[in-house]
Structures are given as structure tokens and as C-alpha cells.
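See below for the structure under consideration.
Protein chains: 2
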Amino acid sequence: MAIHGAWILLTLMSIWGVESKYMVYNTTSKIVSGKLNVHLVAHTHYDVGWLKTVDQYYVGSNNSIQRWGRDQSETVQEIVKQLINSGQLELINGGMCMHDEAAPHYIDMTDQTTLGHRFIKQEFNITPRIGWQIDPFGHSAVQAYLLSAEVGFDSLFFARIDYQDRAKRKDEKSLEVVWRGSKSLGSSAQIFAGAFPENYEPPNNFYYEVNDDSPIVQDDMELFDYNVPERVNEFVAAALSQANITQTNHVMWTMGTDFKYQYAHTWFRQMNKFIHYVNQDGRVNALYSTPLIYTDAKYATNKAWPLKTDDYFPHADRINAYWTGYFTSRPALKGYVRMMSAYYLAARQLEFFKGKSKSGPNTDYLADALALAQHHDAVSGISKQHVANDCAKRLSIGYEKAAKVVETSLASITRSSSKTDSGSPCLLLNISYCPASEVDLSNGKNLVVVVYNPLGWKREDVVRIPVIDENVMVKDHGGNEIKSQLLPLQKASLAIRNYYSMAYLGKSPSVTPKYWLAFSSSAPPLGFNTYFISSRKQKETTIAAPSENHVVYGSKGKQKDVIKVGPGNLKLVYSANQPKLIGYISSRNMIKESVRQSYSFYSGATDTQQASGAYIFRPNGMYSTKPDDQASFTVLRGPKYIRESIRGYIRSQECTRRRSMLNLSSLLVLYRSMMELGKKFGRDFLERIRDYRKDWTLDVNQPVAGNYYPINLGMYMKDDNKELSVLVDRSVGGTSIKDGQLELMLHRRLLQDDGRGVAEALNETVCVLNKCSGLTVVGKYYLKIDPLGEGAKWRRSFGQEIYSPFLLAFTEQEGNGWTNSHVASFSGMDPSYVLPDNVAMITLKELNDGKVLIRFAHLYEVEEDKDLSVMASVQLKNIFAHKKIIKVTEMSLSANQGRAEMEKKRLVWKVEGSSEEAPKVVRGGPVDPATLVVELAPMEIRTFIIDFEQKTKMSYVHCC
Amino acid sequence: MAIHGAWILLTLMSIWGVESKYMVYNTTSKIVSGKLNVHLVAHTHYDVGWLKTVDQYYVGSNNSIQRWGRDQSETVQEIVKQLINSGQLELINGGMCMHDEAAPHYIDMTDQTTLGHRFIKQEFNITPRIGWQIDPFGHSAVQAYLLSAEVGFDSLFFARIDYQDRAKRKDEKSLEVVWRGSKSLGSSAQIFAGAFPENYEPPNNFYYEVNDDSPIVQDDMELFDYNVPERVNEFVAAALSQANITQTNHVMWTMGTDFKYQYAHTWFRQMNKFIHYVNQDGRVNALYSTPLIYTDAKYATNKAWPLKTDDYFPHADRINAYWTGYFTSRPALKGYVRMMSAYYLAARQLEFFKGKSKSGPNTDYLADALALAQHHDAVSGISKQHVANDCAKRLSIGYEKAAKVVETSLASITRSSSKTDSGSPCLLLNISYCPASEVDLSNGKNLVVVVYNPLGWKREDVVRIPVIDENVMVKDHGGNEIKSQLLPLQKASLAIRNYYSMAYLGKSPSVTPKYWLAFSSSAPPLGFNTYFISSRKQKETTIAAPSENHVVYGSKGKQKDVIKVGPGNLKLVYSANQPKLIGYISSRNMIKESVRQSYSFYSGATDTQQASGAYIFRPNGMYSTKPDDQASFTVLRGPKYIRESIRGYIRSQECTRRRSMLNLSSLLVLYRSMMELGKKFGRDFLERIRDYRKDWTLDVNQPVAGNYYPINLGMYMKDDNKELSVLVDRSVGGTSIKDGQLELMLHRRLLQDDGRGVAEALNETVCVLNKCSGLTVVGKYYLKIDPLGEGAKWRRSFGQEIYSPFLLAFTEQEGNGWTNSHVASFSGMDPSYVLPDNVAMITLKELNDGKVLIRFAHLYEVEEDKDLSVMASVQLKNIFAHKKIIKVTEMSLSANQGRAEMEKKRLVWKVEGSSEEAPKVVRGGPVDPATLVVELAPMEIRTFIIDFEQKTKMSYVHCC
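Protein sequence lines, in the order shown, are assigned to chains A and B. Using this note's numbering, read the first sequence as starting at -13 and increasing by one per residue. Using this note's numbering, read the second sequence as starting at -13 and increasing by one per residue.
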């Protein structure tokens, strides 16, 4: 937790520390100029789930401020507030959690920070000014410019940077820098960033938790072992040692670490003594401080600081110990979090359309669960299994509640008396299971499918659902039949469906669908269309029959031919005798590229010096899957699209078989092309060059693990003519180990712990009747080759579609009268308005006071796309066509203060060697209250709170 | 500590527990009749030295009440007092420490308890009513009748009893008994005594220290893992399980253990919840309780309890794990404690004669040090080495201060301007080192020796000191030369002298004495005589020359003769060719007995299941010392006495040599006679029968270790005609493994830990220049054979002389005029008065208010001696001949309340199966204020506080 747990105990000190007669220590010291100032920052670090679940930590240790009011007496609450007001207890970072910086989507990071910041503002009237990411395992550019500078922080502190980087920075006194994380936003979104010299713990021998064995200050001369001079000398020596690697005469001592201050007295008693005696000694000045006091002291020196760009990935804490495994650890959880993130975004929109319920179900639980999921031990995949389970359970409960909101909202908008079924079943499409669509239509019923589009653009996509009846037809709300396709469910898919149903639901599904029904659908921005599926008497449906549109290639069937599949002018070329992707043709773009796809795996190091584990990736040989083990794959030809169904689960099983020999393994997919350049990859695509770090000369000891980077949105590489892009459906690790080759780590299964605290092997299994096998994860990766300079459009705009898929809702209806009594098509915006192609509405949330929090994100960096890397404009009036806006207030990213106020307070740090004036960055101008147009410069995210005229009664009309 | 450390933390609860709004637990429950009452007793156990020194525990953890006032604010002090007054914080046991019950002398136990009890009375106005000996490793009869009943306790609780005994008592519900520890005092000194069912910890799964892993009560239904029903069920089950082995419907849960309640909140929070929810459940009644509340509840049931006599020694916690090693562990420390105990007794007398100094040196530090030394991890020998060192260091400092008192007092009484030298040097007589006597007298100086007798009897004894000059003579204060003897210092003695001087003083003594000068001296009761040692021109001294009075037998000199040595009609018979004691002749008593003495050692078990260690004695074979290794011995014939100098150090070295093979060893001495009976051994000699326990049928698994008992004063065995007695100079372990054979364990050296917490092997070494060898310990054992029924006089009266040797003080004087200007003979009592033979004055101490604390002990049990087991009378007027007594108040043993008040309050417990009236015990009657005669019945100890007329100016006269 960013809000540090000492508070209960601080209250003691006020009882303890101010009495007369017995020894009273003088701890009133302030900063002394001309002396080395040792800022003692009492802190503790409570993970909201790691070895124990968040609730276990909470009930054990009172760590979660979110709930603090319920469990503390009014007296204690009052004392806490006093301590906060006096500055003795400082609220820093202030999100619901200290999020990871590799695995979370930036929208989730923003949401969770907003949740915490607004709570703190409301409860304590405090706006945190300090970023405190002391535990995450590497630090992202997004954390620096977006989640620090854009929330109004004045500094950002962290502990974990690469050991080689750290050594050089200590040498050059450049642990503290000004960090400009965004190429597009530059100095307008910079932050003073300090990496600690070693970790976020006290210097050696200054640990004072209950049972710690650092020598206490024994200052009672009437007892034995009086040691004040020795302890003061040690203090001074440690301070001078730190001063030696630090600019200015201020050093910070992080007096705490994980799960400390259970009994704060043990710490404060010793710190009282140190401050008293060290200052009596006089060589250095020791004081109770906070990160804020430290930051202001640093700023007051008026120094210029080294400039830092890009990020702090990957992280290694020593040779052969690259923390790049966790980029992929627990891919199922990572996928679930991403799915829930999208659902939450859509659900809030529908919650707003309906009007937020004060008593009924709302999206708050899902918001909390998602916030906890962003914790650096959660989505990162490095908690214990039971904690990961708890994280998933919370998401599931949150989803159930949010689904009720969606259901109610859609019922309200469609004016349906029968509730739509948007519940959990269709979350299981990944195992080909959707009870709501697997219904018997032979008795004349219609299956009504509402297709909701959470994006601000009109959009088309294929809807694909399992059905049990082969005689079905699909009609739109105009009553026109539309083309649909039936695709036989593969045996392998059915096996997964049955196994996972047994494992997680305790029974097999009651019916077995034979087909996927696929049809092309469309939906207006922030709106829906309705489709009707019914039984047809005659066989009118286009069935992808084996003889005609359906070809199956098995791994045994050695065929010689090359197979080209794909819609229109886009073809993937497969080798049929060794079922592998071997080429890519885009005839529109004149691209014909040899692209090979293969699956391999790394075995993990098992030696005790450093094993591969949940955190650490330390490969010990790469193994190609044997020809016999190559995935069977199926090409399903239809009228509209191609679908690749290379099944990762086959690999997973294969790895399981080999584990006895290899012990540890990471499954990955490799894309090899003839292209040769470096590679880039997030919200910001950062250029990565193999075996290279911009900030220091890399000593390569792990040529694979040391080149792995977190892939959040996708990655691409390019040559002089083309770009090969891969987009992902969840965060993974990826790299390019050879020129022209991209690899993504898909899955990990390990039998050893890597010694970084979790003390549990990352061995995810799924069990039926006590028989367990390795967890199968089904995922999607998206591949495209574009002419040079044209890939960004796909990556950015299609990338947003990947993040925000259609939300489907189902209901059954007797007869065909639905459209007469229901709204079948809807847009939350002015039906004639769409957002610009380079802008996404990433938040639309009704606040408890009826106001609305809205965020727009420009999706492109400067110079990323020749057309779209430009200033964009958004018409608020069109977005809220059904309401009357009376006030628009631009806020900080986390919406806890006005943007103007934030800019006014912000400390302006100097950068070494730069001209006095930082280069001017163009950003969107103020919003004219009359026109209500929001401008967005490349990469800009703008956050607003909007007041509406309260009398406005929302009224929806059938549109489009 | 007996005063339990929770108090700081209890104060929190008063802040925490009484607020509104958040969850408030109902913890107001009291005893409910008709339900099972579960008394939750929050306690912690802070050893005053064990793994850390007392100061280390204190500064780490605030555990010592003695110092509490200095380190706590007035507010906290006030809260503590309120909690004590309300009964929430109870002061129990209340000594300075929780003394051991095997190794300490009862005088030391009494002194340390008095120190604590009077402090508590003064500071808190509290008289503890509960004995709480939860940790000592076996329980003595003296603890029951003397240190419990006679201090006014109403109950005594402990945890460690033999596992076989425990099993039977659980079965028979006789863990709680009425214990009559004294045959002589019977029901007049009985105590309700409860052994806990397992240990002094909570039931399994109810541990709540910071970091303990018992499940907390999770009662927040809004969080996961709500477990109130499960936890309540577990609570009820544990309570019923305990009720099943306990009489009445009251059970005590000891909610704490060693070094707990560092953060009391962690315990009280859970106990609050248990009390609340368990009482809501209603099957049992849970309440915050104390040992006193529990005791009163037990008493209120009006039940009769099983009777227990004798004691709870030896202790075994499981098969093969007899805690009988510690009876001898650290014999040097045990000897040092005993020596200091005697010195303290004498020093207080001299302090009283002079008048206690309010500012100058006093005996308080030695009192504190001795009190701490009685702790069950101190004199018991089972602390870590550094803690044992700390204990010895404190004694040493205390001695230095007390020696100043002695010096000043003697100077004052003798009217000497030159201070006597009663400092530390002559504590080293055990290594033949006494700088004060090793002076050059050739220049005509006199060495003045003041011989002080702390006993109430006139007394003669041999003074033996090292001298450097062979031409010396000794005169008494009348100027008459008295017979003296010079005994050559043995080479072995000089080697020890030099080695230990180097080891502990860092240098060899500057001179090397050649002789022991021995002369017979006498001193009046509580008084001194003065002797003068000077150089004689001619050789007038009787030198024990080898040719005449001095015969040396070495181990190599194989001689065939039998050698009889000894004064007058008492002869020890030695075999000269195998230098061993083989017989004993007392011609006066017509005793001629074959007695053989030999040295052997036990190797210790080393297996991991149970090794021999500091606590546990588990022999693995007994080894006789080989003939070659037999001790050399020296018989020094002189005019007055025999001296046996079989040197234990030879054994110790021998054992050291063999350690590589045997690993662990205990050195012992065996006395074998033809006598055959069982054996007895303390203040009370308890009958011990081999392989037998009175309270249960013993399952013998350790035929040696299971028969070892603590020997504090001595042991004896007898047959139809004779008694063979051995007295000891410190506490040791001893037994009789075969009929007619006595053995004493002299020394222990072990290379393995025995797994009972100290985690350090008992391997005492002494080092010079980094070369270490096993510690040599020099001790004395006293052997006598008497006709049946006559041994008690020697054991009791001579035993008191062993405990209280002469105190020697030295000064140098030019010329012979000492007696003209000094008081050379003195008695603190009326010179014509001596105490009866069966009474010892065990305490004479001036209190800070000028009053005097005095204790008399009858030394004999009923029926122990035909002449002396009778009522005795002491004339207070004669004792305080120099002062006017204005008031005599009889007190409880620990002098914290009037004896009459104590008797009035005492609970009278019923005993199963006994008649309503317990047999009448005769005790001394009230003290008539006119006659001031104190009567003492057998074994009675009476304690008085005496007020004197303050104007009385003490005036000493030359006496005797």
C-alpha cells in the first residue's frame, strides 16, 4: 500500500513521546543547510495480496486504508486525520494499490489510481504529491509521464533498477534524474525520479521491527552494553556512504520494508534515539522526514538533474537474474484481467445511460477488484496460487454485479420486460461454452442478441457463438436475413469445453453444440444493434461443410501442397505437409513476404544459484517442438474471414510430457520473416535494440532473458519497406533474438521457485477428480504486415477494438414482435456523430453526485502516422446529445484536482545541459464553454468532470 | 518475570476497546455458575536472562518491573497503577525473578522473593497472593511450604511435571492438589497447587503474537474467509477437552508464553472476539481472568482436593528426557552464587553494625545480582554462556560494592584508620591466590587478619592462606603465639593458579607463594577475633616438612601399605598402591566401615532423538577412570586436621582428552560402602527410593538419569546402624544407583545442545592466548559416618558452617601496637549469649527506614535429632544488646505483610479424605513484647521487623 501502515502506531508515540521525568528525546530537528541531512522516512509496504490475500493481510494487520473507517474508533480516526494534517503521516502514491508497471493496461492503471486519489481527497482532503513505486520490478515510461506527471506528482521514487544501471548511476551520482517518459509530451510531462541506492529498506543494522536483530541504541548508562557512541558512528558512516553517491546534501533513509511497523513503537523508539544522539554528535543532521519534505528539499537546492528518457525495463537484480519471466507468468489471469477491464469500461457506459443506482447493483465492486488486480503482485503473476485465485474470485464477483448493471441498463434502454442474459456464461467462449446461445430454437423461439459497441466509432465485427441447431438463420432488426455461417466445433475444442466445465463448474454442460454460428454484425458508437436467430424450416443456412467450404488438415495427413487462406486480397500461406505458416500475401499492398510461424519452448534453469521462476526468466536451452508434436490446425473457409486455430493447448500438453526431463519450461511462439531491423513495442512503442541499453554499456550475460520486454498492446519490427506487427490480447513478454524474428512468450510452467519471496513454484494446473494437468490457456494473437509507415493505423485503431470487443447480451423471445415493442438499435451519442479515428473515450463514468467523469485519449504518438498524429477535436455536445452540459472542468488524470490548479502547483525541475527553456510541447487548448470542443494533441489524455442540468430526463430513441 | 509484561499494552486496550460506531466486543463477562468457565489469563514470560542478558531483554522489551518507573512516563505509570487497582493487571509471584527450585539455597530464594515483594508493596501497595512458577524444571517442597504458603500465597501454579505423573493426574483429575511440602509444618504450611495440563501456552491454534499463525477470528462478513462458527467450535472443543481432565467447572487458559505480548494488541484483539462470540454461542462461558480470580473461583466451589506431599523431582518431559543434568550444569557458577550468598549474609550484618549508608556503598547491588542469579535460567546453569558471564559479572560488581561496606564497617568497629582489605583477591583462594596475604613480612610488618563469624554460635575453624615467607608466626590478640602449620603448595595447585590468573586477570601473579599457612582460629557469634602474622627470626614455625609431618604419595609410587590419616579418633583409610579411599574409622563411635571413593564419568547420548545437554542428562555408558588416570593425591599430616586433596581438575582434563571419542561427559564421584538402604537428601531431606515414585508407578527408561535428584545441602544414606553423609559446597545432582553407593555429579562438559531452547552446547572453557581447555572447577565435599540417628547434628549444624564460612579481612601494620589502638575482638550480640544449636539467624538486614529485618530458622525437622528437634527459644534482647527494641512485628516470610494479617486472609483448602480438622501443628507462639523471646518449632522460619529507639548510639566494646 502506498499509504503507509504506521499510522495506528504513530498514535502511541503521541502518548509515549512527550512526557517529562523519564528520558525525552529531542526529535524536533528540521533541515539544516550546510550539513548532510539524513531524512528518516518511516514507511511500511503492505502488498494488497501476495503471500496472503488482501483480506488476510487486512484482518491480520489493518493495512488497507480503504476500509480504515469501519474498523477504527472515532478517536483513532481523528488522530489519523490530525497526523495527516500536521504532515507527520503522509499519503503518497495513493492508488488503491501500487500497480505493476509491466502487465497492466494504462487504462487500468489510470482507473485504479483515480479510485484511490478521489477517496483520499474525499476522506482527508489531500492530493498526493509523491509517486512511490518502490516495489515493482522495472519502471515504465507510462508510469513516469502519465501516472506521475499527469496526476500532479512532483517526484517519483522507486527501488528496483537493473544492477548494472544502478552501479553506473551510483558512480555518476545519477540515481536521481528528471525523467521524460513521453516523446510526444516531452517536458510537459516530466517528473523528478529517484532510484534508491539499494532497496527500500534501512541501511544495514538499522532494522527495528519486532524481533529484528539490529543493535538497539542502548543509552542507559546504568545498564550494561551502553553503545551510543558506536551506534552514532555507524549512523554517520552509513549516511556519508550514501552521500557519496547522491547529489546535494540530502539523503533519504527508507526506514521500513515489507509488512513492518506491526508494532511501530519498536521503530520509533530507536529513531527517536538516533535523531537525538546523532544531532548531539553534530556531524550530520538527522530528522524525521517524508518523501515530500525530501522532495521539497531537493527542489530548494535549485540543481539541474540528469535527463532520463525511455524506461527502466528489463530489470535484473544481479547477473543471470532477469525479472522478465513475470511478463508472461499466469497468462490466464492476465487475460481475465484484460477481459474484465474492457467489460468495466463498457459497463460504466451502460450504467451512465441508465443512471447510477445508489442502492442496487453497480460497478463499484468490479472497480475495486480490477484495482486490486493491477497490484504489482497480482496481474504480474507472482503471487501465491491461492492469492491469484482470490484475485480472480474478486473479479468474478465484480463481474456478476456489473453484469446486473448491464442487464438492467439494456432492459431499460430496450424497454424489455424480460431481462437480457448478459451473465457469466458467455465469458466462457474461450472454452466454446455459452449457455445463453446454446438454446433449443426448434419450438419457434427467437434468440435475441444485443450487440453493444463501447467504442466511439461505428464498427463492424463478426459475432461467433456456439449453437446446438444446424438449421438457424440470422436477421437484423430490420427483419432482413443476413449471411451467416456454421462452423463445426472441433473435437479438440469440445474436449477442452468438457474438461474445463468439469474442473470449474463441477459438471459437463447439459447440451453439446455442434457448430459455431458466425455472422457479421455492426453497432453504432456507444450503442447497439439487435440480431435475431431463429430456426429455419429448410436448410437455408450456409454451412461450412467439409466437402465444400470446410477443409481439415491433420498433422498426420502429409500433403504436399501450399495452402493459401484468407479473405480477399489478404492471404496467409501454409505448408500443408508440415502444418506451418510460411508466408503472407497482401495483394492490395503488394506485399509478399515469407513469414514462418513456429512454436518452441525454453527449458528453465534449475540450479540453486538462480532457477527460472514466477519472476525470473532464465532459459536453459530452447527446444523446437518435434514434427510429430506440431499442432494440428484447421482452416475454416467461409465467405468473410479466415480463422487460424493453431491450438496452444497442444503445446502445453507437450511441455507437460517433457517436464520430467526439462523440469521447467516457457512456451513461446516465434514469427520469423526476412525483415532484419531492431524492434519496438505499449501505449508508447519504445524502440528496443538487441543486447543494448541506451543508459549504459550492457554486459550481456543472458542473451535471451536480458532482451525480453513487456508487451502490453503489441510489438512490431520493420525494414526499409514493411512493418510486421503482432498485437496481443493480454500482456506478455516478447523479444527479437535474431534479426527478422519476433517471439512472444505465451505460457509458463515451472516447478521451482526463483527465490524472490513468493516461495511457490509457478505450476498452474487444472484438476478433475484429483487428476491434474497443466493449465491450458487459449489466446489470440493478431498478425499483420503493412507497407512501411502504414502499420500504426492497424496497431492503434484495431488495437483499440481488440481491447474493447463487442459486448453481447442474449434473451429469448416467443414470436417475432420484438421490434414492435422494443428499442432494437441505439446510440448513446448523437446518432450522426462519431469520434475521430485517433481518439478513444477511455472513461465514461457517472460519479456518485451525478456528475460524469470522462476521459479522451489521443491514440497516436507524434510522427507515428502521417494522417493521424495530429491535433484531434471532440465535440462534447454531440457526445452528450441527450443531456444539457452546464459545466466542464478539466481535471488531473486521477481527477482529484483541477488541471489548472495542478499545473500551477507543479515544481519545475531543471535538467542538466538543456537550455533554460524546455522545448515547447503542443497540447490541446482550454475548452471553450460555449463550443465545448476538446482538443487532443498526440498522446494526450484529457480528463473532465461534467455537470449536467439535473432536470434533463434522459430519453432514448430508436436510431441508426 | 513473574510480573507479566502485558501491562504497557493493556493500556492500549483501554484506548482501543471502548469506542462506539465500529465493532465493539462484549468482554464484560464474569463467572457464570452452571457453565464451564474458561478463564483466559493473558500472560507473558520474560526471563531475566536466558538467551539474552537481563539488560538485553529489558532494553529490548521493557520487561523488568524493577526499573519500570524510570522508563515510563507518569501517564503510563498512572495507567498501570489503575489497571492494578482494578484487578486487570495482576502482580503474581512477585519476586525479583522466578527462581529455580533445584539449585538455589532456600536463603537465596527467600531473599530474592523478599526483595520483589517489598518493592511491590511499596510501589503498588500490593501483596501478591499467587505463586507462579510456570517455567522451572521440577518443583521443590520448599517452594510449596516455604516460598508459597509462608509468603501468604493462596495458590501456586506451574507447568512442568513429569510426563508419566502428568498422564496419571490427567486421568485422575488430580493436576490440582493441596500440597503439604513440609513434614514438620504439615497443614500449617500447605498450598493449593495446580499443574497445567500441558505447558504454560494457549491451546493449539490460539497463539496470537505478532507473526503467529493461528487463525484469527475473521468476523467481517464483508470480507472473505469469515470463520466465526469454526473458531467458536474450536474454542469450545478445546475447553471441553480441558474440562475433561479438570475438577470443577473452571479451566484456565494460559494465553501467552515466553517473550510474548510485544504488541499486546495482537492478542487482546482476538481474545476480545473469542469472548464475544463464544459467549454469544453460549455453550461455555469465556472471560478475561487472572490466576487470582481463577483461584477464588476454585475455592468458592468448596471442593476437597487430592493431597500431595514430597515434591515434583525429577522432571522428565518425555521418555529418555530427564531434566537432571542441570542440577550440576555450570558448577563454577553454582559455587560462585553460593559463595556470594554467604558473603551477602555476613555483609548485611556488618552493614547493620555500622549503620546503613544512604549514599555510600551498600549491599543493594549484591542483593540484586544475587536475586537475578536465582533465576531459573541462571544458577540452574542453562543460560547461554554470555548470559552466565553477565550473571557472574553482576555478582562480581555486587561483591565489590559489598566489600566496601564490609571494609568500612570493620574499619569503624576496629577503629582503624587503615582500611582492611577485604576485596576480591581472597575470593580466589580456590586457585591458591590471595594477594592480601602474599605480602613480604621480612621488613618487620605484621599482617593483621580479622576473622569474622557470621553465625550466632561461637565457632572455631582453621584459617588457611597462602604466604610467601616460610619464617612466619601467628599470634592472637592477646599476644600469644598460636600453633600454625606451613603446607607446601602443590605443583598442580600452582599450575592452576598461574593458568587461571592468566586467563582471567591477564597476567601471572607477581609473587609465588610457597606455602599455605594454616592456623586454628576462633570467633565469637556475629563477631570477630584478630590474628597477627609476622616474620620470625628463628625457624619457630611448625613446618610440615616432607621428612617429618609431610608425606606425599604419587600415583606412580606403587606402595603396598594401607595409610590411615586423620585427627584423633577419626581416620580415613587409603590404599597407597592404588591411591583410593577404602575405609573409614571413627574409634569414638566404634565405626569401622569399608568406604571406597572413585571417580568415573558418564558419556552423554548424542543421538538426535535426545542428546545430553545443559538441561538433560542422558548417559550413554559409565566409564571408570583408568588406573593411570587415577588422581594423584597428597596427604598432609599436621597437628590438627587431615586434608584430602584429590584434585577434580585431573579428571576434568582426562575427560577432555577422551571427549573426541565420547563426545559428551559428566564427571562424578562415587562413594561406595557396604550400607544398603535407600537414600535421602535440601532444607528438608526427602526420602528417595531408587526406581520408585510415590505418586505413580514408574516406567523406568533411564535407570541413571531418572534417579538423579538435586542436592542442595547434602545427602545421606543409612542402614540399621550407621549413616553415611556427604555435604556439598554448592548444589549438584546426586543419586544412589546401587545399594550402598552414593554418587555426586561434579562437573559436566557437553558438545551438543539438548533441544530445550538454549541452542548452545554446555562447553565451558578457559582460554589463554586463544588456546582453550575445559574449565577446571575446584570444590569441596564433606564425608562423615555416624551411628544411626547421630548424623543430623553434623549435617545441620556443620552444614550451616559450610554455608557461612569465616569472613577474612586483611590489613598490614607496622610494629605491634595494633591492640592498643584498635578493637581486636568483637561480638555484635551480648558477649555472653549464643544462639541455640538448632537455630540460625539467616537474615539480619537494616532496612532503609532504619528498622531491621531479622529471620531465624530452626534447622531441624521433627524427629530428625533426638535432642535438637525440639522447640527452641531466641532472646532478642541479647541479640540486640547494644540497642533498645521498641517494637517487634512478626511478618510473612517475604516481609510484605504482618504474619497475623496473612494468616487471617489465608484460604483454607480442604483435602480429600482427611478429617475436617487437619492435625494440629505446633509452632512457636507469639512474641511477648516484654520478654522478647522468639520460639521456633522444628523447621520453622520466623521473620520480624524490629523498631529500635532511634536515639540509641551504637557503641562497641572490646569483648571476649
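Note that the Cβ used here is the ideal one computed from N, Cα and C, for glycine as well. Just so we're clear, the structure is a prediction, and the values are computed from it rather than from any experiment.
Which residues in chain A have a C-beta closer than 7 Å to the C-beta of residue i? List them in chain order.
i	result
residue 897 of chain B	What residue 897 of chain B touches in chain A: nothing, since even the nearest Cβ is about 46 Å away.
residue 196 of chain B	196, 248, 249
residue 39 of chain B	210
residue 33 of chain B	Going along chain A, no residue has its Cβ under 7 Å from residue 33 of chain B, so there is no contact; the nearest lies around 16 Å.
residue 8 of chain B	56, 57, 58, 59
Can you pull the chain A neighbours of residue i, defined as C-beta to C-beta under 8 Å?
i	result
residue 256 of chain B	Correct list: empty, because the minimum Cβ distance to chain A is about 10 Å.
residue 74 of chain B	Ordered by position in chain A, no residue passes the 8 Å Cβ test against residue 74 of chain B, which lies about 18 Å from the chain.
Applying a beta-carbon distance threshold of less than 8 Å, which residues of chain B neighbour residue i?
i	result
residue 68 of chain A	Chain B residues near residue 68 of chain A: none, gap ~15 Å exceeds 8 Å.
residue 345 of chain A	What residue 345 of chain A touches in chain B: nothing, since even the nearest Cβ is about 16 Å away.
So which residues on chain B does residue i lean against when the C-beta distance must stay under 7 Å?
i	result
residue 497 of chain A	Chain B residues near residue 497 of chain A: none, gap ~34 Å exceeds 7 Å.
residue 45 of chain A	202, 204, 206, 209
Contact check, residue i vs residue j under 8 Å by CB: the rounded distance?
i	j	result
residue 21 of chain B	residue 306 of chain B	Actually they do not touch by this definition, with Cβ atoms about 42 Å apart.
residue 734 of chain B	residue 314 of chain B	5 Å
residue 804 of chain B	residue 434 of chain B	6 Å
List, in chain order, every chain A residue whose beta-carbon is nearer than 9 Å to that of residue i.
i	result
residue 243 of chain B	The contacting residues do not exist; residue 243 of chain B stays about 15 Å from chain A at best.
Determine the chain B residues that contact residue i at a beta-carbon separation under 9 Å, and present them in chain order.
i	result
residue 786 of chain A	Ordered by position in chain B, no residue passes the 9 Å Cβ test against residue 786 of chain A, which lies about 35 Å from the chain.
**Q.** Where the stretch 860 to 876 of chain B meets chain A: residues whose CB sits under 8 Å from a CB there
**A.** none
Q) Hey, is the stretch 78 to 96 of chain A in contact with the stretch 241 to 250 of chain B, meaning 3+ C-beta pairs nearer than 8 Å? A) no
Q.
Quick check for students: name the residue ranges of the alpha helix (DSSP H) that lie wholly in the stretch 240 to 324 of chain A, counting only runs of 4 or more.
A. 251 to 267, 277 to 286
Q.
Restricting to runs no shorter than 3 residues, where is the beta strand (DSSP E) found entirely within the stretch 370 to 449 of chain A?
A. 431 to 439
Q. Are there three or more Cβ pairs, one per stretch, closer than 8 Å when the stretch 159 to 174 of chain B is compared with the stretch 842 to 850 of chain B?
A. yes
Q: Determine contact between the stretch 140 to 152 of chain A and the stretch 117 to 132 of chain A, defined as no fewer than three beta-carbon pairs at a distance below 8 Å.
A: yes
Q. Touch check for the stretch 57 to 70 of chain B and the stretch 324 to 338 of chain B: three-plus C-beta pairs under 8 Å?
A. no
Q: Would you be able to state if there are at least three C-beta pairs under 8 Å between the stretch 481 to 493 of chain B and the stretch 380 to 395 of chain B?
A: no
Q | Every unbroken beta strand (DSSP E) within the stretch 456 to 532 of chain B, with a cutoff of 3 residues, ordered by chain | A | 458 to 462, 470 to 474, 501 to 509, 513 to 521
**Q.** chain A contacts from the stretch 355 to 382 of chain B (Cβ-Cβ distance under 9 Å)
**A.** 376, 379, 380
Q.
Check whether the stretch 503 to 520 of chain B and the stretch 810 to 821 of chain B touch, using three or more Cβ-Cβ pairs below 8 Å as the test.
A. yes
Q) Do the stretch 89 to 101 of chain B and the stretch 319 to 330 of chain B touch if we need at least three Cβ pairs shorter than 8 Å? A) yes
Q: Select from the stretch 318 to 336 of chain A all residues with a C-beta closer than 9 Å to any C-beta belonging to chain B, and list them in chain order.
A: none
Q) Do three or more CB pairs link the stretch 855 to 864 of chain B to the stretch 783 to 791 of chain B at distances below 8 Å? A) no
Q: Let me know the beta strand (DSSP E) ranges lying completely inside the stretch 811 to 878 of chain B, each 3 residues or longer, listed in chain order.
A: 811 to 813, 825 to 832, 838 to 844, 858 to 861, 871 to 877
Q: Please list the segments of the beta strand (DSSP E) lying wholly inside the stretch 81 to 146 of chain A, counting only runs of 3 or more residues, in order along the chain.
A: 116 to 119, 141 to 144
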